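A.B. asks: Below is a structure I'd like to ask you about.
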Amino acid sequence: MPSTPQPQALVPPHPITPDAPDAIARPFLTQSWLDLTFLHWAADPADVAGLLPPGTVPDTLDGLTYVGLVAFRMHRVGWFRLPGVPYLGSFPETNVRLYSVDAHGRRGVVFRSLDASRLLPVAVARIGFRMPYVWSRMAIDADADTVTYTSRRRWPGPRGARSRLTVRVGEQIGEPTALEHFLTARWGMHSAFFGRSMYLPNAHPRWPLHRAELLECQEDLVAAAGLPDPAGEPVSVLYSPGVPARFDRPARPHRPAGIPTP
Numbered sequence: 001m002p003s004t005p006q007p008q009a010l011v012p013p014h015p016i017t018p019d020a021p022d023a024i025a026r027p028f029l030t031q032s033w034l035d036l037t038f039l040h041w042a043a044d045p046a047d048v049a050g051l052l053p054p055g056t057v058p059d060t061l062d063g064l065t066y067v068g069l070v071a072f073r074m075h076r077v078g079w080f081r082l083p084g085v086p087y088l089g090s091f092p093e094t095n096v097r098l099y100s101v102d103a104h105g106r107r108g109v110v111f112r113s114l115d116a117s118r119l120l121p122v123a124v125a126r127i128g129f130r131m132p133y134v135w136s137r138m139a140i141d142a143d144a145d146t147v148t149y150t151s152r153r154r155w156p157g158p159r160g161a162r163s164r165l166t167v168r169v170g171e172q173i174g175e176p177t178a179l180e181h182f183l184t185a186r187w188g189m190h191s192a193f194f195g196r197s198m199y200l201p202n203a204h205p206r207w208p209l210h211r212a213e214l215l216e217c218q219e220d221l222v223a224a225a226g227l228p229d230p231a232g233e234p235v236s237v238l239y240s241p242g243v244p245a246r247f248d249r250p251a252r253p254h255r256p257a258g259i260p261t262p
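In the UniProt record's numbering, the protein residues as written are 1 to 262.
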């Protein structure tokens, strides 16, 4: 496998832990993530390295990195200690994400796209924080043990990019595998703001994870995010009823990093 360039290391990558390494007593931002489905495909680190913010490289497990497609319901986004907003702060979302590590050893996620169904939060995130949010028509439908997520992009584009995912939720996982921890136990987000690299820490309870069976997957969001089309079935399909999350201020003081998501 091709070697992947590494940043100048100050410390080794932090251990992957199922619990947040630090509590956030005075959150900058609060929100809940509900009814989540995680789909992941393995990728060559060399294929995604150029898509990450400056100062970061692909995070890997046994020589591979991963492309994630995560569909869920954002619930009651709130700033500081104010109550979460019930309408504008609650909406379906589907994001395409990659996995990153920086020279300080901080593991994180990098969002290539974030489809959301509320125009105002999309506009604020794009204009104010340079996050790759897009406005989409979206729905989440649950029927017994199956959940279906649909999305069709409105603005800015590529207009018409869509996804339809259906999973059957299975048994709860007692002890996640090393790969399942790697894909879900992420305690921060890397992003770029006017060319400067940012890291936004988060904390939440340990994920309640379930095995899930993928019944339907029609999507072109991964390709629309500048990544190769996924090859074959996902290597991991997980479901979670969700967690409440708290976010600290960006690691680089006085510079916003965006509206984070799982």
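Cβ atoms here follow ideal geometry from the backbone N, Cα and C, with glycine treated the same way. Computed from a predicted structure; not experimentally measured.
1) How far does the alpha helix (DSSP H) with LEU215 in it reach, from first residue to last?
2) Please return the same chain residues whose Cβ sits closer than 7 Å to the Cβ of ALA20, not counting the five positions on each side in sequence.
3) Thinking C-alpha only, which one of ARG130, VAL124, HIS104, LEU119 is nearest ARG112?
4) Kindly indicate the opening and closing residues of the beta strand (DSSP E) around LEU183.
5) Give the DSSP bridge partners of residue 279, in chain order.
6) Can you look up LEU120 in the DSSP assignment and give me helix, strand or coil?
7) What's the C-alpha gap between GLU219 and VAL101?
8) With 16 as the cutoff for other CB atoms within 10 Å, does GLN172 come out buried or exposed?
9) Would you report the Cα separation of ALA245 and GLY160, rounded to the nearest angstrom?
10) Mapping DSSP to helix, strand and coil, what is VAL237?
11) Which residues in the same chain have their Cβ closer than 6 Å to the Cβ of MET138, if we skip the five residues on either side of it in sequence?
12) Kindly indicate the opening and closing residues of the alpha helix (DSSP H) around PRO45.
13) Can you tell me whether LEU215 is buried or exposed? The criterion is at least 16 other CB atoms within 10 Å of its CB, across all chains shown.
14) So PRO230 packs on VAL222, CB below 8 Å; how close in whole Å?
15) With burial defined as no fewer than 16 other Cβ atoms inside 10 Å of the residue's Cβ, what is the status of VAL11: buried or exposed?
16) Please classify LEU238: is it buried, with 16 or more other beta-carbons within 10 angstroms of its beta-carbon, or exposed?
17) Using the C-alpha atoms, what's the distance from ILE16 back to PHE28?
18) Just how far apart, CA to CA, sit TRP207 and PRO201?
19) May I ask you to report which of helix, strand or coil DSSP gives LEU52?
20) Where does ALA192 fall in DSSP's three states?
21) Please report whether the beta-carbon of TRP207 lies at a distance below 8 Å from any beta-carbon of chain B.
22) Between TYR133 and the rest of its own chain, which residues show a CB-CB distance below 7 Å, the 5 nearest in sequence each way excluded?
23) Quick one: Cα of HIS14 to Cα of LEU183, how far?
24) Can you give me the C-alpha to C-alpha distance between THR56 and THR65, rounded to a whole angstrom?
C.D. replies: Considering the structure as presented:
1) Locating residue 215 in the sequence shown gives position 215, counting from the first residue. For LEU215, there is no enclosing alpha helix (DSSP H); the residue is part of the beta strand (DSSP E) that begins and ends at 210 to 219.
2) Numbered from its first residue, the sequence shown carries residue 20 at position 20. Result list for ALA20: TRP187, ALA203, HIS204, in chain order.
3) On the sequence shown, residue 112 is found 112 positions in, with the first residue counted as 1. Comparing Cα positions, the closest option is ARG130.
4) On the sequence shown, position 183 is the one that residue 183 refers to. Segment 178 to 184 is the alpha helix (DSSP H) holding LEU183; no beta strand (DSSP E) there.
5) Since the first residue shown for the chain is 1 and the last is 262, residue 279 is missing from the structure and cannot be characterised.
6) Position 120 of the sequence shown holds residue 120. Here LEU120 sits in helix by DSSP.
7) Position 219 of the sequence shown, counted from the first residue, corresponds to residue 219. Position 101 of the sequence shown, counted from the first residue, corresponds to residue 101. Straight-line Cα distance between these residues: approximately 27 Å.
8) Taking the first residue of the sequence shown as position 1, residue 172 is located at position 172. By the C-beta density criterion, GLN172 is exposed, having fewer than 16 other C-beta atoms within 10 angstroms.
9) Position 245 of the sequence shown, counting from 1, holds the residue named residue 245. Position 160 of the sequence shown, counting from 1, holds the residue named residue 160. ALA245 and GLY160: Cα-Cα distance of roughly 31 Å.
10) For the purposes of this step, residue 237 is taken as residue 237 along the sequence shown, with counting starting at 1. In the three-state reduction of the DSSP assignment, VAL237 falls in the strand class, which pools E and B.
11) Mapped onto the sequence shown, residue 138 falls at position 138. Within the same chain, MET138 has close Cβ partners PRO92, SER117, SER151.
12) Numbered from its first residue, the sequence shown carries residue 45 at position 45. Looking at the DSSP string, the run of the alpha helix (DSSP H) that includes PRO45 is 45 to 48.
13) As a position in the sequence shown, residue 215 is number 215, starting the count at 1. By the 10 Å Cβ count, LEU215 comes out exposed.
14) Counting from 1 along the sequence shown, the entry for residue 230 is found at position 230. Counting from 1 along the sequence shown, the entry for residue 222 is found at position 222. About 6 Å; that satisfies the 8 Å criterion.
15) Position 11 of the sequence shown, counting from 1, holds the residue named residue 11. When all chains shown are included, VAL11 counts as exposed.
16) Here residue 238 refers to the residue found at position 238 when the sequence shown is read from its first residue. The residue in question, LEU238, is buried, as its Cβ has 16 or more Cβ neighbours within 10 Å.
17) Position 28 of the sequence shown holds residue 28. Position 16 of the sequence shown holds residue 16. In a straight line, the C-alpha of PHE28 is about 24 Å away from that of ILE16.
18) Along the sequence shown, read from residue 1 onward, the residue named residue 207 stands at position 207. Along the sequence shown, read from residue 1 onward, the residue named residue 201 stands at position 201. In this structure, the straight-line span from the alpha carbon of TRP207 to that of PRO201 is close to 16 Å.
19) Your numbering for residue 52 matches position 52 in the sequence shown. Coil at LEU52, not helix or strand.
20) Mapped onto the sequence shown, residue 192 falls at position 192. Judged by DSSP in its simplified three-state form, ALA192 adopts strand.
21) The chain labelled as chain B is not found in the depicted structure, where only one protein chain is given.
22) Taking the sequence shown and counting its residues from 1, one reaches residue 133 at position 133. For TYR133, same chain residues with a beta-carbon under 7 Å away, outside a window of 5 residues either side, are LEU114, ALA116, VAL122, ALA125, ARG126 in chain order.
23) In the sequence shown, residue 14 corresponds to position 14, counting from 1. In the sequence shown, residue 183 corresponds to position 183, counting from 1. Looking at the two C-alpha atoms, the distance is approximately 14 Å.
24) Within the sequence shown, the letter at position 56 stands for residue 56. Within the sequence shown, the letter at position 65 stands for residue 65. THR56 and THR65: Cα-Cα distance of roughly 13 Å.
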